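Residues 42 to 526 in this note's numbering are what the sequence shown lists, from first letter to last.
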Amino acid sequence: MLINNIRKIAVKYLPIFADFRQRPVLVVGGGDVAARKIQLLMRAGAQIRVSAQGLCPMLTNIYHAGGLSWIGESFEPAMLDDVFLVIAATGNKKLNSIVAKCAEQRHLLINVVDTKQHCSCIFPAIIDRTPIVVAISTGGMAPVLARVLREKLESMLPNFLGPMAAMAGTWRGRVKQHIRSMAGRRRFWEKVLNGRFANLISRGRLEQAEQELELSLSANPENVGEVALVGAGPGDSGLLTLRGLQLLQQADVVLYDYLVSQEILDMVRREADQICVGKRAGSQSISMSQQEINLLIVTLAQQSKKVVRLKGGDPLIFGRGGEEMQAVAALGIPFQVVPGITAASGATAYAGIPLTHREYAQSLTLITGHMQDGAADLDWQALARVSQTLAIYMGVFNAAEISSKLIYHGRSAQTPVAVISRGTQSDQCVHIGTLAELESLAQGALTPALLVIGEVVSLHHEINWFGQQNLTSYKRTSSVVEMKD
């Protein structure tokens with residue numbers, strides 16, 4: 042029940058940055074907690090009004106310095122007139138509740154300290170690199186976790202980010218006049234913010250940094266686009282590489298396959314165009330032929346766009362990535378390749394199946410069950426040798442032939458096998474059996490699916506870690522044993 046409730050949690054608080062300059066805020070309470078809230082609001086330029094029986098020493102000093110208005114000792118609903126935000130920070134729960142109710146009746150944002158159910162807005166943990174501000178919130182569910190995350194991010198975000206953002210802001214107008222296209226401007230900023238300009242800012246050399254901006258702007262940055270071939274991994278968004286994520290955040294357009302999970306697509310830059318160009322295994326519904334995909338990639342790049350070709354797993358392992366990069370290279374378009382975790386590595390790891398093991402397998406062979414002409418013309422004699430693991434991509438529809446060929450050429454019919462469907466994803470399924478049962482195991486398996494053949498599969502019941510481990514076990518005599526996560 043608890044797990045189901047966690048999965049159903051929806052976004053309750055929309056993160057948004059508000060302009061508090063010269064806007065009145067009412068704070069009910071005059072203690073240390075109220076003082077902390079008031080300090081944050083004063084830094085944002087808010088006009089502070091306080092209703093409290095007394096003021097703590099810190100607020101007393103602020104009051105005498107003219108930093109706040111003490112409008113009364115007792116809360117009155119009329120105090121809510123024309124205010125922008127209300128904060129209840131007293132130790133009196135009944136009074137806090139009254140303040141919250143009155144604010145709600147006036148459709149005002151209300152924050153009641155340490156009483157989540159009365160809050161229509163909350164204060165996040167803040168990392169201040171003005172004008173850059175990072176806010177972290179758990180929706181009031183785990184405030185300590187938010188503080189822990191803040192501590193980690195504080196160490197990751199250098200202090201020079203503020204001056205760098207401020208200088209970039211002063212140059213936005215000039216850059217916009219010089220570079221007409223939005224894509225060109227974004228590439229310009231991506232280049233300077235990751236280059237010598239950033240290095241000079243980090244060393245406090247602001248005048249030299251500004252000169253570097255001038256030089257970069259006069260270097261005619263309206264150049265040809267570029268292409269990045271990125272491996273999305275087997276499905277779990279946590280397995281996407283950091284470099285892959287960076288390129289998804291910089292892309293003008295992303296061409297993706299059906300094998301790319303929605304979790305990965307959600308990481309693409311919001312303004313980028315997303316175009317599906319894939320083909321489902323076993324389906325005649327083709328979005329584009331390979332030649333059409335190649336043409337689309339180079340056409341978009343020639344339009345000065347930053348193109349990401351996003352492919353499931355690793356793009357250079359049975360992914361036709363080499364063919365696509367040949368087309369790009371032939372026209373002299375700049376490109377790069379970001380490898381991904383291939384299905385054989387990712388799916389088996391999540392299924393608790395080591396691809397090699399000193400006692401069971403001293404070699405590994407990766408095979409595709411789908412050839413260019415549709416024929417599986419493989420060296421079956423070599424593949425049937427023992428003490429090796431076979432990882433077969435796109436082999437579900439040829440499982441019967443694979444099983445019969447291997448058995449015919451000498452591989453034991455009792456060799457352990459696994460069919461891993463939608464590996465690394467929340468609905469991953471692992472079907473365990475023997476080589477003789479491979480056809481029945483593959484029938485009805487969700488795609489994408491990976492076939493694993495070899496003695497290492499027998500270790501699944503010992504080291505399966507992803508999901509509920511007690512739902513599966515390996516038995517040579519069983520026909521189908523299924524794990525669902």
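Glycine included, every Cβ here is placed at the ideal spot set by N, Cα and C. Please read these numbers as outputs of a predicted model, since none were measured by experiment.
Residue nearest to Glu480 within the set His501, Glu442 and Thr456 is Glu442 (criterion: CA-CA distance). Contact check for Thr488 against Asp277 fails: the beta carbons are separated by 7 Å or more.
Following the DSSP letters along the chain, one finds Tyr297 inside the beta strand (DSSP E) bounded by residues Val294 to Tyr297. Apart from sequence neighbours up to five positions away, the residues of its chain that approach Pro56 with a beta-carbon distance below 8 Å are Pro165, Ala176 and Ser178, ordered along the chain.
Between the alpha carbons of Ala388 and Met223 lies a gap of roughly 40 Å. Between Thr409 and Phe376, the beta carbon gap of about 24 Å keeps them out of contact (Cβ cut-off 8 Å). Short of 8 Å from the beta carbon of Phe507, and not among the five residues preceding or following it, lie these beta carbons of its own chain, in chain order: Tyr391, Ala392, Gly393, Thr465, Gln469 and Asp526. Membership of Leu492 in the beta strand (DSSP E) is indicated by the continuous run Ala490 to Ile494.
By the CB criterion at 7 Å, Arg227 and Ile220 fall outside the cutoff. In this structure the stretch 247 to 258 touches the stretch 196 to 210; the number of beta carbon pairs closer than 8 Å is three or more.
Looking at the DSSP output, Asn152 sits in a beta bridge with Ile128. In the structure shown, Arg77 falls within a helical segment according to DSSP collapsed to helix, strand and coil. With respect to the 7 Å criterion, Leu198 and Arg170 are classified as neighbours on the basis of their beta carbons. Note that the C-beta distance between Leu476 and Thr430 is not below 7 Å. By alpha-carbon distance to Gly266, the top candidate from Arg284, Leu283 and Ala292 is Ala292. In this structure, Arg310 keeps its C-beta atom at 7 Å or more from the C-beta atom of Gln331.
If you draw a straight line from the Cα of Ile89 to the Cα of Gly72, it comes to about 14 Å. Every unbroken stretch of the beta strand (DSSP E) spanning 3 or more residues and falling wholly within the stretch 258 to 288 is given here in chain order: 267 to 272.
In this structure, Glu195 sits near Ile168, with a CB-CB distance shorter than 7 Å. Excluding sequence positions up to five before and after Pro380, its CB lies within less than 8 Å of the CB of Gly272, Thr282, Asp355, Pro356 and Leu357, all in the same chain and listed in chain order. Shown here, Thr475 sits in a strand according to DSSP, grouped into three states.
Of all C-beta pairs linking the stretch 95 to 106 to the stretch 57 to 71, three or more are shorter than 8 Å, placing the two stretches in contact. If the five residues before and after Ala432 are omitted, its C-beta is found closer than 6 Å to the C-beta atoms of Ala385, Leu407 and Val493, all from its own chain and listed in chain order.
The three-state reading of DSSP puts Trp421 in helix, counting H, G and I together. Take the alpha-carbon of Met83 and the one of Gly108: they are about 8 Å apart. Per DSSP, Trp230 has no beta-bridge partner at all. Pairing Ala313 with Val301 gives a Cβ-Cβ distance that is not under 7 Å. Here the alpha carbons of Ile151 and Ser161 stand approximately 5 Å from one another.
The beta carbon of Gly353 lies closer than 6 Å to those of Ala273, Asp298, Leu300 and Val301 in the same chain, with the five residues before and after it left out.
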